[in-house]
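In our numbering, the protein residues as written are 198 to 354.
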């Protein structure tokens with residue numbers, strides 16, 4: 198493989214990671230705006246954002262940074278996707294939330310539909326960025342590190 202082809206493949210992977218993280222952020226904001234409950238990490242992010250008076254995206258970035266430090270302490274390999282995830286997921290969430298790009302609804306049926314679609318879209322986003330093979334997100338890496346360190350399965354950790 199020549200150098201130009203290698204650079205094109207690397208650029209394609211980076212674009213794919215960014216696209217996957219943007220799709221993931223859309224799903225996150227949809228689940229938040231559905232207002233029917235949050236994932237455990239988003240409960241933490243929301244609590245942090247309200248306690249410290251920062252945006253939800255900044256809370257995601259800050260917690261990602263702390264988790265990356267924990268990942269490193271556990272000996273987990275940190276890939277480019279991990280670092281990109283740490284910064285861009287929070288940035289995309291803020292862009293979407295602060296510009297009111299994802300709607301909110303009053304009635305429970307459209308909120309429930311938005312929650313389900315948000316979860317599906319999150320899964321698609323994760324699949325896209327993980328398929329590149331340049332590392333998992335900080336929290337995914339923590340899960341892997343904890344399963345390796347404890348010898349327990351993912352469902353226990």
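Just so it is clear, CB atoms sit at the ideal spot from N, CA and C, and this is done for glycine as well.
These figures come from a predicted structure and were not determined experimentally.
Distance between beta carbons of residue j and residue i, contact taken as under 8 Å
i           : j           : result
residue 326 : residue 224 : At roughly 12 Å, the Cβ-Cβ gap does not stay under 8 Å, so residue 326 and residue 224 are not in contact.
residue 281 : residue 275 : With 8 Å as the limit, residue 281 and residue 275 do not qualify as a contact, their Cβ atoms being about 11 Å apart.
residue 331 : residue 278 : 4 Å
residue 210 : residue 351 : Wrong, their Cβ atoms sit about 26 Å apart, outside the cutoff.
residue 219 : residue 289 : 5 Å
residue 291 : residue 252 : 5 Å
residue 286 : residue 310 : Going by Cβ atoms, the distance from residue 286 to residue 310 rounds to 24 Å, so no, they are not a contact pair.
residue 222 : residue 293 : 6 Å
residue 226 : residue 299 : 5 Å
Own chain residues within Cβ distance below 7 Å of residue i, not counting five before or after
i           : result
residue 271 : 342, 346
residue 243 : 235, 253
residue 314 : 227
residue 349 : none
residue 312 : 228, 231, 233
Sequence-distant residues of the same chain with beta carbon closer than 6 Å to residue i, five excluded per side
i           : result
residue 273 : 338, 342
residue 261 : 283, 335
residue 301 : 230
residue 214 : 278, 281, 326, 329
Cutoff 8 Å; reference residue i; Cβ partners in own chain excluding five residues on either side
i           : result
residue 208 : none
residue 324 : 217
residue 246 : 252, 253, 255, 256
Taking contact to mean 3 or more Cβ pairs, one atom from each stretch, closer than 8 Å, check whether the segment 296-311 and the segment 235-251 are in contact.
No, the segment 296-311 does not touch the segment 235-251.
Should the segment 260-274 be called in touch with the segment 310-329, which here means at least 3 C-beta pairs below 8 Å?
no
What are the uninterrupted segments assigned as alpha helix (DSSP H) that are 4 or more residues long and contained completely in the segment 239-321, given in chain order?
253-270, 277-295
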